[in-house]
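**Q** Oh and the sequence shown: position 19 is 19 in the numbering used here, straight run, nothing missing. Ideal Cβ positions, reconstructed from N, Cα and C, are used throughout, including at glycine. None of the values given here were measured: they were computed from a predicted structure.
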Amino acid sequence: MPNLTFKSLEKFPELIAGMTTRLGGVSEGIFESNNMGILASEPDDKAIVNMRAMIRALPVRPWKVAVTRQVHGTRYAALGKEPPESTFEPDFSVFPETDILMTNEPGVLLITFYGDCVPILVYDPQHKAVGLCHSGWKGTSLRAAEALVKGMIKEYGSRPEALNAVVMPAAGVCCYEVGFDVSSLFEAYPEHLVPFANKHKIDLKGINAEILTSCGIPAEAIEVSPLCTLCDDRFFSNRRDGGHTGRMAAFACLKEHNEVIV
Ligand SMILES: [Zn+2]
C-alpha cells in the first residue's frame, strides 16, 4: 500500500511517519478504495479493515493507536507511558474535540484524518517527540500549528530552532477557492492570497509554513509538499467530491532504538 513519506524525515530512522492515499484498501463506491475515515459520520465498515492493514504494514508495532474526532480547534492531547492493554492488537483511543496529538513514547501511533485540510507534522529529534496537527482554513486562522509547537515546548521542553516540520499534501493554491468570509481572515498573509474571479485562491500550506517559521522553526527545516488533494486524484477531496468521500490518514510513531521488525 503506497503511503507517502517525506524526504526531510529520512534522516530520522526512529520516526515512522507518512500519509495514506486513496490507493489500495477494500472500500467501494464513494469510498473507493483506501478510506481511513473510521470516525466519519457516513458509515464505511471497511475503513477499519483498511486502517488495520495500514497499521500492520508499518515497520513498527504500536501498542497504542490514538485517533482524533476533529473539530477545527486548537486543543491537543499528549500521550505518555501507560501499560499496554494488549500485546496482540493495539489499543485504539479516540480523543474527542481534538485536532492535535503528540507523544514522546515509542509505540504510540498518532493518527489524524484529512479530506483537503492541511496535515502538519512536527518532530523534535533532541527530545524524541513528535506531533500531528489537523489545520483546515479554520484551524489555520486559529493558528493550530502554533498550538502544536507551544504544546511540544510545554510537554517536552522542545526548542523551536531544533524542530523539523512537514506540511503534507492538502488543498493547494492551484485549486482552493474561498469567499471573502474566509480570505478576510488571512489579510496578514497577502502573499498567500491570489485574486481570482471576485474571490481568492488561498495557499493554506504556505500560511501554515509561515506560522511554523513565526514560532521559530527554521525555514530550511520545514518541508512543504507540492501535492494538491483537489487536482491529484490519488487523494480523497472533500471539496472536489461534494462532501461525500473518504479520508486520508496522517500518521506518526516513534520506534525504540533497538526495535527490529522482521
Ligand atoms: Zn490543485
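Check Leu227 in the structure and name its three-state DSSP category.
**A** coil
**Q** Do Gly131 and ligand 1 come close, with the Cβ less than 7 Å from some heavy atom?
**A** no
**Q** Nearest by alpha-carbon distance to Leu227: which of Cys175, Arg159 and Ala170 is it?
**A** Ala170
**Q** Tyr76 to Asp232, Cα distance in whole Å?
**A** 30 Å
**Q** Please indicate yes or no: does the CB of Cys231 lie closer than 7 Å to some heavy atom of ligand 1?
**A** yes
**Q** Indicate the three-state DSSP secondary structure (helix, strand or coil) for His200 in the structure shown.
**A** His200 falls in the strand class under three-state DSSP.
**Q** Mind checking whether Ile120 and Val167 have CB atoms under 8 Å apart?
**A** yes
**Q** Pair every Cβ in the segment 207-221 with every Cβ in the segment 68-75, then say whether three or more of these pairs are closer than 8 Å.
**A** Verdict: no, contact absent.
**Q** What residue range is occupied by the uninterrupted beta strand (DSSP E) comprising Thr68?
**A** Lys64 to Arg69
**Q** Give me the DSSP bridge partner(s) of Thr98.
**A** None; Thr98 has no bridge partner.
**Q** Once the 5 residues before and after Val26 are set aside, which same chain residues still bring their CB inside 6 Å of it?
**A** Lys46 and Val49
**Q** Measuring only from the beta carbon, is Gly172 closer than 7 Å to any heavy atom that is part of ligand 1?
**A** yes
**Q** Are there any heavy atoms of ligand 1 lying less than 7 Å away from the beta-carbon of Cys117, as far as the coordinates show?
**A** no
**Q** Locate the alpha helix (DSSP H) running through Tyr156, then write down its first and last residues.
**A** Ala144 to Tyr156
**Q** Within a Cβ cutoff of 6 Å, which residues of the same chain sit near Leu148, ignoring the five residues on either side of it in sequence?
**A** Ile100, Val122, Gly131 and Cys133
**Q** Is it the case that the CB of Cys253 approaches a heavy atom of ligand 1 more closely than 7 Å?
**A** no
**Q** Would you kindly check if the distance between the Cβ of Leu58 and the Cβ of Val94 is under 8 Å?
**A** no
**Q** Determine the direct distance from the alpha carbon of Glu155 to that of Leu9, and round the result to whole angstroms.
**A** 22 Å
**Q** Should the segment 243-250 be called in touch with the segment 98-114, which here means at least 3 C-beta pairs below 8 Å?
**A** yes
**Q** Is Cys228 near ligand 1, in the sense that its beta carbon is under 7 Å from a heavy atom of that ligand?
**A** yes
**Q** Tell me whether Cys215, by its Cβ, gets closer than 7 Å to a heavy atom of ligand 1.
**A** no
**Q** Which of the three DSSP states is assigned to Ser135 in this structure?
**A** strand
**Q** Taking Ala144 and Thr103 to be in contact with their CB atoms under 8 Å, please state how far apart those CB atoms are, rounded to whole angstroms.
**A** That belief does not hold up - the Cβ atoms of Ala144 and Thr103 are roughly 17 Å apart, past 8 Å.
**Q** DSSP state of Ser141, grouped into three classes?
**A** Ser141: helix per DSSP, three-state reduction.
**Q** From Ala221 to Trp137, what distance separates their C-alpha atoms?
**A** 23 Å
**Q** Within the continuous alpha helix (DSSP H) that includes Asp181, where are the two ends?
**A** Its alpha helix (DSSP H) spans residues Phe180 to Ser183.
**Q** Looking only at its own chain, which residues have a Cβ that is under 6 Å from the Cβ of Met51, when we skip the five neighbours before and after it?
**A** Met36 and Ile38
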